[in-house]
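Protein chains in written order, with our numbering: chain A, 16 to 357; chain B, 16 to 357.
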DNA sequence: CAATATGCTGCATACGTATTCACGGCCTGG
DNA sequence: CCAGGCCGTGAATACGTATGCAGCATATTG
């Protein structure tokens, strides 16, 4: 075997042309005569030549790599990554492959200077931010990055500045429809489980707004509804149900801000001998895999992660290649399963 | 703001030293006087300087990046990635971060020349292969890569050549223990659900060997056991149960080669009105998240993905940095839940 | 036939860093 | 006082590619 990796110069030598011509030919430049081009490409194939990415990036300033940064509250080694994000990751990976981009994945701490680390260091051409929208303190940072011409796209809540791209779900509508569904099933005593503080969890807060809207429209007595804090994990969902019980509130419908919360709630309710959906309806949000497997299967508001992932990549590339900023808000879809008694 | 990204030359200028000294200082080289070093690092901090990775990689030949390649049978956009792999991905991501390596993730087709694409193209220093062991045809390819001095580590079955690293689970033992558990619960008519062909799914085949061993040791009449083909997904698990029923085999214990298969089996059994675990015990393998949520919760053989991911990274880095090849086989652990009637 | 356009190729260079080699100064010991 | 060693620094260069510019040959036009 060859003792050294072949370079464009080796190809140039064999093809009897200059290195410049090789470089152009391999990128299919019309500047090079079609026959020469073909011949060079064949030789490259034959030698199993691969363009050196480091050199290529250094020269062109482009990496053809995107970085996916996942921000999570508890970057504990034991705690598994939010399954919703994992699914998104799957579709982002596929979309990148399809467009011949590489994907760098990293768990990130919001305090770190991730922008410098990835885009300024020339590791990636653009960034996809997952779970960053929840850090309200971060929005000034995002605004500053925009001014500096950074390239990123955010999953999550609506952003107020114009030169930015984000993809999100119409959370208010989702909260509205979920609650509407329960209302139509005859439920009257509602609890929303999940944070409703915009500065803590803007997406959950929007879902809560939709929740309130339904109740107000229906003229439900405010005393017949409540809200309990929960973060997006199973344990927190369990605690919330405990808190609800301690508080002595007798709900017949739980609108959970995420499926993970709902799974925790189901667990705790079962433990307490409460029948779902007989005594209480439980509604989730996201439609993660586990929602189909749990007992009873969970009614939920589906977010199309496949589409979401593809859209994130698409908008980011559009930004990189055409310099245009666009955003997209997706509609969630009600998925009816057994947990609400429909 | 600065109109241009600062380089090591800018720092050199401000510090009144040469670029060479800056490069050394930033890498904390003892060649540079400690005071000079500190001063240079401060200036770098001040300018928000980031080493350009392309240039650094080009010069040093090292990328400080690993590539995680996931090989899946059905790289269909709609079909979600095997959750077992996704969890592994989570722990690999974390381990890479902890060791200050970047991680490139890609869905890969086994036919493609992924080695050339990633390591030869200088995109990554080493590769982690997930799901590649199943392609028996690939083993010659792996052997060839070894000879060429490639750097990779494989998740899955034992490899026969010495200059290679792999991390896997003792699948034979797992199959043995799983079946043993069912035997002790008084089950006598066993079905193994999953491929048992080594050239198709070597890991499943090893689990099957363990399954057979238990039965032979116990002196179970061979006619009282069977095997049905299934791939590792839910749909395939459902079909397998149908096939079993069509065949007229009345099992009281299903040993499934993976949790996904077991989930499908549970679905199909419920649909047919078979009580689990009353009529039939069902045992999975992997312990994915869904195993805790499904109905009934699934008894299974846990593979510690957190440890597995960390080990994969560790062995690969050891190979890169010390040139040593090591492998590790992990013991699975029986997790008892409701699906077997324990 | 001169003048200009067109198609293709090569020369030269820059991207930003890491490292080899050489050098100057200072210290130590004989 | 000189030889030799050590410490800290800088000059120079290489990594492999992409691209602006120039040049040459052939085709086209008046």
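Just so you know, even glycine gets a beta-carbon here, dropped at the ideal spot from N, CA and C.
Keep in mind the model is a prediction, meaning the values are calculated, not measured.
Hey, does residue i have any beta-carbon neighbour from chain A nearer than 8 Å?
| i | result |
| --- | --- |
| residue 166 (chain B) | no |
| residue 69 (chain B) | yes |
| residue 108 (chain B) | yes |
| residue 283 (chain B) | no |
| residue 304 (chain B) | yes |
| residue 105 (chain B) | yes |
Quick one: which chain B residues come within Cβ less than 8 Å of residue i?
| i | result |
| --- | --- |
| residue 117 (chain A) | 119, 121 and 138 |
| residue 20 (chain A) | 135 |
| residue 112 (chain A) | 121 and 122 |
| residue 131 (chain A) | 63 and 65 |
Under 7 Å between beta-carbons, which chain B residues line up against residue i? List them in chain order, please.
| i | result |
| --- | --- |
| residue 146 (chain A) | Chain B residues near residue 146 (chain A): none, gap ~13 Å exceeds 7 Å. |
Have a look at residue i and residue j and give me their C-alpha separation to the nearest angstrom.
| i | j | result |
| --- | --- | --- |
| residue 288 (chain B) | residue 306 (chain A) | 22 Å |
| residue 38 (chain B) | residue 75 (chain B) | 12 Å |
| residue 236 (chain B) | residue 265 (chain B) | 14 Å |
| residue 69 (chain B) | residue 63 (chain B) | 18 Å |
| residue 44 (chain A) | residue 36 (chain A) | 9 Å |
| residue 107 (chain B) | residue 40 (chain A) | 38 Å |
| residue 251 (chain B) | residue 116 (chain B) | 38 Å |
| residue 302 (chain A) | residue 216 (chain A) | 19 Å |
| residue 26 (chain A) | residue 53 (chain A) | 13 Å |
| residue 207 (chain B) | residue 198 (chain A) | 46 Å |
| residue 165 (chain A) | residue 226 (chain B) | 56 Å |
| residue 184 (chain A) | residue 172 (chain A) | 8 Å |
| residue 299 (chain B) | residue 277 (chain B) | 5 Å |
| residue 181 (chain B) | residue 245 (chain A) | 41 Å |
| residue 61 (chain B) | residue 55 (chain B) | 10 Å |
| residue 337 (chain A) | residue 309 (chain A) | 45 Å |
| residue 161 (chain B) | residue 151 (chain B) | 16 Å |
| residue 66 (chain B) | residue 321 (chain A) | 35 Å |
| residue 203 (chain B) | residue 304 (chain B) | 29 Å |
| residue 110 (chain A) | residue 101 (chain B) | 17 Å |
| residue 387 (chain A) | residue 259 (chain A) | Because residue 387 (chain A) is not part of the residues shown, which for chain A are 16 to 357, the question remains open. |
| residue 121 (chain B) | residue 85 (chain B) | 6 Å |
| residue 280 (chain B) | residue 256 (chain B) | 6 Å |
| residue 9 (chain A) | residue 186 (chain A) | Because chain A spans 16 through 357 in this model, residue 9 (chain A) falls outside it and cannot be assessed. |
Using C-beta distances below 7 Å, list every residue in its chain close to residue i, excluding the 5 sequence neighbours before and after it, in chain order.
| i | result |
| --- | --- |
| residue 20 (chain B) | none |
| residue 77 (chain B) | 140 |
| residue 58 (chain B) | 26, 29 and 30 |
| residue 22 (chain B) | none |
| residue 125 (chain A) | 86, 147, 150 and 153 |
Taking only beta-carbon positions, decide if residue i is within less than 8 Å of chain B.
| i | result |
| --- | --- |
| residue 245 (chain A) | no |
| residue 101 (chain A) | yes |
| residue 63 (chain A) | yes |
| residue 260 (chain A) | no |
| residue 126 (chain A) | no |
| residue 96 (chain A) | yes |
| residue 278 (chain A) | yes |
Suppose the cutoff is 6 Å on Cβ atoms and the five residues either side in sequence are ignored; what does the same chain contact list for residue i look like?
| i | result |
| --- | --- |
| residue 358 (chain B) | Lying outside 16 to 357, the shown extent of chain B, residue 358 (chain B) is not represented and no answer is given. |
| residue 195 (chain B) | 229 |
| residue 213 (chain B) | 220 |
| residue 343 (chain B) | 182 and 326 |
| residue 34 (chain A) | 23, 24 and 27 |
In chain A, which residues lie with their C-beta within 7 Å of the C-beta of residue i?
| i | result |
| --- | --- |
| residue 73 (chain B) | 69, 70 and 73 |
| residue 188 (chain B) | Under the 7 Å cutoff, chain A gives no residues; its nearest Cβ is about 25 Å from residue 188 (chain B). |
Counting only the same chain and skipping the five closest in sequence on each side, list residues whose C-beta sits under 8 Å from that of residue i.
| i | result |
| --- | --- |
| residue 282 (chain A) | 249, 252 and 253 |
| residue 119 (chain B) | 80, 81, 82, 83, 133, 138 and 139 |
| residue 317 (chain A) | 301, 302, 347, 348, 349 and 350 |
Please list, in chain order, the chain B residues whose beta carbon lies closer than 9 Å to that of residue i.
| i | result |
| --- | --- |
| residue 310 (chain A) | 308, 309, 310, 311 and 312 |
| residue 295 (chain A) | Within chain B, no residue comes near residue 295 (chain A); the closest Cβ sits about 17 Å away, beyond 9 Å. |
Quick one: list the residues of chain A neighbouring residue i, beta-carbon separation under 8 Å, in chain order.
| i | result |
| --- | --- |
| residue 177 (chain B) | Within 8 Å Cβ-Cβ: nothing; residue 177 (chain B) doesn't reach chain A, min ~19 Å. |
Along chain A, in chain order, which residues have C-beta atoms closer than 9 Å to that of residue i?
| i | result |
| --- | --- |
| residue 252 (chain B) | Ordered by position in chain A, no residue passes the 9 Å Cβ test against residue 252 (chain B), which lies about 12 Å from the chain. |
**Whole runs of the beta strand (DSSP E) within the region 141 to 174 of chain B, excluding any shorter than 3 residues** = DSSP runs (the beta strand (DSSP E)) wholly in the region 141 to 174 of chain B: 141 to 145 and 167 to 170.
**Message:** Please give the ranges of any beta strand (DSSP E) in the region 37 to 125 of chain A, keeping only runs that are unbroken, at least 3 residues long and fully inside the region.
**Reply:** The DSSP assignment places complete beta strand (DSSP E) segments of no fewer than 3 residues inside the region 37 to 125 of chain A at 80 to 86 and 117 to 123, in order along the chain.
**Request:** Give, in chain order, every unbroken run of the alpha helix (DSSP H) that is at least 4 residues long and sits entirely within the region 263 to 305 of chain A.
**Result:** If we require 4 residues or more, the alpha helix (DSSP H) runs fully inside the region 263 to 305 of chain A come out as 274 to 286.
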